[in-house]
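Novice: Each residue of the sequence shown is one higher than the one before, starting from 2 at the first, in this note's numbering. Yeah, the Cβ is synthetic: ideal placement off N, Cα and C, and Gly gets one too. Please read through the structure below; I'll follow up with questions.
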Amino acid sequence: MKILFTASECVPFVKTGGLADVVGALAPVLAKEGHDVRVIMPLYASIPEKWTSQMTHVCDFEVELGWRRQYCGIEMIEQNGVKWYFMDNKFYFGRPYIYGMGGDEYERFGFFCRASLNCLPIIDFQPDVIHAHDWQSGMVPALLRIQYDHLPFFSNIKTMYTIHNLQYQGVFGINQVKEILGLSDNSLWTDDKLECYGCANFMKAALVYADLITTVSPSYSEEIQTAYYGERLDGLLRARKHQVFGVLNGIDMVDYDPAIDSRIAATYSLDNMEGKAICKADLQAKLGLEVNPNVPIIGMVGRLSNQKGLDLVDYVIGDLLKQDVQLVVLGMGESRYVNLFSWAEGEYKGKVAARFAMDHALAHQIYAGCDMFLMPSQFEPCGLSQLIALRYGTIPIVRETGGLRDTVLSYNEYTGDGNGFSFFNYNAHDMLHVIERACDYYHNHKDVWALLQQRGMSGDYSWTNSAGKYMDLYKSLMVDAVEVAAEAPAEPNPVVVEIVVEEAPKPKKPRAPRKKKVEEAPAEVTEAPVEKPKRTRKKAEAAPAEGAEAPAEKPKRTRKKAEAAPVEGAEVPAKPKRTRSKKAEEPKAE
2 MKILFTASEC
12 VPFVKTGGLA
22 DVVGALAPVL
32 AKEGHDVRVI
42 MPLYASIPEK
52 WTSQMTHVCD
62 FEVELGWRRQ
72 YCGIEMIEQN
82 GVKWYFMDNK
92 FYFGRPYIYG
102 MGGDEYERFG
112 FFCRASLNCL
122 PIIDFQPDVI
132 HAHDWQSGMV
142 PALLRIQYDH
152 LPFFSNIKTM
162 YTIHNLQYQG
172 VFGINQVKEI
182 LGLSDNSLWT
192 DDKLECYGCA
202 NFMKAALVYA
212 DLITTVSPSY
222 SEEIQTAYYG
232 ERLDGLLRAR
242 KHQVFGVLNG
252 IDMVDYDPAI
262 DSRIAATYSL
272 DNMEGKAICK
282 ADLQAKLGLE
292 VNPNVPIIGM
302 VGRLSNQKGL
312 DLVDYVIGDL
322 LKQDVQLVVL
332 GMGESRYVNL
342 FSWAEGEYKG
352 KVAARFAMDH
362 ALAHQIYAGC
372 DMFLMPSQFE
382 PCGLSQLIAL
392 RYGTIPIVRE
402 TGGLRDTVLS
412 YNEYTGDGNG
422 FSFFNYNAHD
432 MLHVIERACD
442 YYHNHKDVWA
452 LLQQRGMSGD
462 YSWTNSAGKY
472 MDLYKSLMVD
482 AVEVAAEAPA
492 EPNPVVVEIV
502 VEEAPKPKKP
512 RAPRKKKVEE
522 APAEVTEAPV
532 EKPKRTRKKA
542 EAAPAEGAEA
552 PAEKPKRTRK
562 KAEAAPVEGA
572 EVPAKPKRTR
582 SKKAEEPKAE
């Protein structure tokens, strides 16, 4: 099968979030199964020279955006069985940032969506399925159906769209998007198509026009169909619920393998866990924490935002650090939380360490050196950090939402099931209570703790299962396409039926004019019965001199003959007629 991924980022070239991990890991797994998989993404200025030096020029062409014609070059690297295409335009992508700093994001990624489709005939690649990711690729399914579907090259291409985070939708002004993408037809800007609360919405465009919609976990696919998690698109998602599927993300089991990880202080495995204690001591020393093997370290790696539940941490951070624990935080984000953890690091020296950066190596060291990993997310489409933590034998403490609910089962002391700890309500003290429970098991139930580590490290978090589910969805699209193609040769049958129907009207053609004659004939027909009685009456000219009055006089005569019997019945209607005729005759006489 031929599959094209359109995405705004991808490891190992550039990464800001989980989207890059998904695209970079899923594509090679599908390629290993024998499929022709290709990925197209922007050529950012931040892509390391290590990769740009390996790129080869494929083609270049111009892309029409409104009244402008912009240059687009296609560069390529072939690696792990996948062809990685990079879209070159210095004006849009040669900037010192990836997202969000300029006011022309709609134009940058509108160009990306348009060029992703325009390049396909030029690079001679006709995919069976285009798999678009997140809002930056949201206009690909929409443009394909609105502007390209009538072209034979594009007419059979199916589309799938994956929601990585519904909160980020790509919302812009309608007039701007209209002009850039040539979507001037006002019939497209209705609430059932591209318009969304008075704005243009790249993600909604994909949700309307994509053949299938996926999210990155089964629970999240259900949650976003509710008003609480739906970000004002829940109605549309409910309307398309039969085309919405949840496929759980995986991780790179080789890159995140404590047995061979070169970034950590010491390797370890299920058979020999001694290396984890070494990693813990090294992390404490490196970050300026008190080196104490008996104190549990709680780690947090990710974006510093409300979505990650950091407002809960803010509310109880004092109570949390009163306990015998250490806290390590790595990430970048909102200044509120940068200030919070900077204050905590100074207030609780030797207990808190915060690093506000994107440090891949340090992230590995935190996963390996910590005892617990905290993810109290307000919502979580999937989450990869809890999977990596499990892989490294670090016990996750999570809130039961989205992918966290699908991957972490809270330990049940009665049945012995579970691989971590969790809480349901979005409540700071519920979170604090679960942390205290985890600490109790860490100190007082070493056997249970070791069991949880074993379960976590032995789990299969690879992309193999997830890739199989994606392939099933791709194949379902192709089955639909085959059914449509199978119906295509059956079209002559209706044509034959139409020919038969056309032959049938031939006898109707004389009927049609007859109907017209009938329309004209009412007068003739009405006249004919009138003439006949006239002719019959002409033979009896003496009696029924007035042709029309004859039928009226007959009942009168019968009534006259029966005047004696039906006195009241016949005379009541007859008397006023006689009196009226007399009154009418009197003025005529005068």
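#1: So, are the CB atoms of PRO122 and ILE158 less than 8 Å apart?
#2: Name the residue from ASN307, PHE422, ASP105 and ASP360 whose alpha carbon lies nearest to the alpha carbon of TYR442.
#3: Where does HIS165 land, buried or exposed, given buried means 16+ other C-beta within 10 angstroms?
#4: Based on Cα-Cα distance, which residue from GLY310, MET359, MET42 and ARG115 lies nearest to GLU65?
#5: Of all the options ILE265, PHE126, ASP258 and PHE6, which has the alpha carbon lying nearest to the alpha carbon of GLN137?
#6: Kindly indicate which three-state DSSP category HIS361 falls into: helix, strand or coil?
#7: Go to ARG337, then tell me how far its alpha helix (DSSP H) extends in each direction, as first and last residue.
#8: So, for ALA206: in the same chain, excluding its five sequence neighbours on each side, which residues have a beta-carbon less than 6 Å away from its beta-carbon?
#9: Leaving out five residues on either side along the sequence, give the residues of the same chain with a beta carbon under 7 Å from the beta carbon of GLN28.
#10: Check the DSSP bridge columns for VAL330 and list the partner residues they point to.
#11: Which residue from ASN426, LEU271 and VAL326 puts its Cα closest to that of GLN455?
#12: Residue range of the beta strand (DSSP E) that LEU213 falls in?
#13: Inspect the beta-carbon positions of VAL296 and VAL326 and report whether they are closer than 8 Å.
#14: Would ARG96 and ALA46 qualify as a contact pair, given that the criterion is a beta-carbon distance under 8 Å?
#15: With 16 as the cutoff for other CB atoms within 10 Å, does TYR471 come out buried or exposed?
#16: Tell me which residue opens and which closes the alpha helix (DSSP H) that TYR432 is part of.
#17: Report buried or exposed for THR402, applying the criterion of at least 16 other Cβ atoms within 10 angstroms of its Cβ.
#18: Mind checking which residues open and close the alpha helix (DSSP H) that includes PRO219?
#19: Since TYR412 and ALA390 should fall inside the 8 Å C-beta cutoff, what is the C-beta to C-beta distance between them, to a whole number of angstroms?
#20: From the DSSP secondary-structure annotation, give me the bridge partner or partners of TYR72.
#21: Please work out which residues of its chain come closer than 6 Å, Cβ to Cβ, to LEU284, disregarding the five sequence neighbours upstream and downstream, and give them in chain order.
#22: So within the region 243-306, which uninterrupted beta strand (DSSP E) runs reach at least 3 residues, ignoring any that extend past its ends?
#23: If the criterion is Cβ atoms closer than 8 Å, does the pair VAL317 and HIS430 meet it?
#24: Is it true that the CB of ALA211 sits closer than 8 Å to the CB of VAL1?
#25: May I have the straight-line CA-CA distance separating HIS132 from ASP193, to the nearest angstrom?
#26: Considering only residues of the same chain and omitting the five flanking positions on each side of ARG438, which have a CB-CB separation below 7 Å?
#27: Would you kindly check if the distance between the Cβ of PHE246 and the Cβ of SER222 is under 8 Å?
#28: Can you name, in chain order, every residue of its own chain whose Cβ lies under 8 Å from the Cβ of ALA278, other than the five neighbours on each side?
#29: Please report how far the alpha carbon of PHE173 lies from the alpha carbon of VAL409, in whole angstroms.
#30: Enumerate in chain order the residues of its own chain whose CB-to-CB distance from VAL501 is below 6 Å, with the five nearest sequence positions on each side excluded.
#31: Under the DSSP definition of a beta bridge, which residues are partnered with CYS200?
#32: Which residues in the same chain have their Cβ closer than 7 Å to the Cβ of LEU305, if we skip the five residues on either side of it in sequence?
#33: Between the C-alpha atoms of LEU313 and GLU79, what's the straight-line distance to the nearest angstrom?
#34: What is the DSSP secondary structure of GLY319, counted as helix, strand or coil?
#35: By Cβ distance, which residues of its chain are closer than 6 Å to PHE14, with the 5 residues on each side in sequence left out?
Specialist: On the basis of the data shown:
#1: No, Cβ-Cβ distance for PRO122 and ILE158 is not below 8 Å.
#2: Nearest Cα to TYR442 within the set ASN307, PHE422, ASP105 and ASP360: PHE422.
#3: Buried, by the Cβ-count rule.
#4: The shortest C-alpha separation from GLU65 is found at ARG115.
#5: It is PHE6.
#6: Correct three-state label for HIS361: helix.
#7: Taken as a continuous stretch (DSSP letters only), the alpha helix (DSSP H) holding ARG337 covers 336-348.
#8: In its chain, beyond the 5 residues on either side, GLY139, MET140, ALA143 and LEU195 have a beta carbon closer than 6 Å to the beta carbon of ALA206.
#9: One detail in the question is off: residue 28 reads as Ala in this sequence, not Gln. Closer than 7 Å at the Cβ level, and outside the excluded window around ALA28, lie PHE6, VAL38, VAL40 and VAL83.
#10: MET301 and ALA355.
#11: It is LEU271.
#12: Counting along the chain, the beta strand (DSSP E) containing LEU213 begins and ends at 213-216.
#13: Yes, Cβ-Cβ distance for VAL296 and VAL326 is below 8 Å.
#14: Contact flag set, yes.
#15: It is buried - the Cβ of TYR471 has at least 16 other Cβ atoms within 10 Å.
#16: In the sequence on display, residue 432 carries Met and not Tyr. Following the DSSP letters along the chain, one finds MET432 inside the alpha helix (DSSP H) bounded by residues 429-445.
#17: Around the CB of THR402, 16 or more other CB atoms lie within 10 Å, so the residue is classed as buried.
#18: It spans 219-224 - the alpha helix (DSSP H) in which PRO219 sits, taken as one unbroken run.
#19: Their Cβ separation, rounded to whole angstroms, is 15 Å, which puts TYR412 and ALA390 out of contact at 8 Å.
#20: DSSP output for TYR72 lists GLU63 as bridge partner(s).
#21: GLN366 and GLY370, listed in sequence order.
#22: Restricting attention to beta strand (DSSP E) runs no shorter than 3 residues, the region 243-306 encloses them at 245-247 and 298-302, ordered along the chain.
#23: Contact annotation: VAL317 and HIS430 have beta-carbon atoms nearer than 8 Å.
#24: In the structure displayed, the chain extends from 2 to 591; residue 1 sits before or after that span and is not available.
#25: Computed Cα separation, rounded: 22 Å.
#26: Cβ neighbours of ARG438 beyond the five flanking positions: PHE422.
#27: Cβ distance < 8 Å, so SER222 and PHE246 count as in contact.
#28: PRO294.
#29: Using only the alpha carbons, I get a separation of about 37 Å.
#30: Residue placement at VAL501 is poorly supported in this model, since its pLDDT is 35, which falls under 50; the coordinates are not used for a value here.
#31: Partner residues in the beta bridge of CYS200, as assigned by DSSP, are CYS197.
#32: Answer for LEU305: LEU311, GLY332, MET333, GLY334, GLU335, TYR338 and VAL339, listed in chain order.
#33: Taking the straight line from one Cα to the other gives about 45 Å.
#34: Three-state DSSP puts GLY319 in a helix.
#35: Answer for PHE14: ILE48 and TRP52, listed in chain order.
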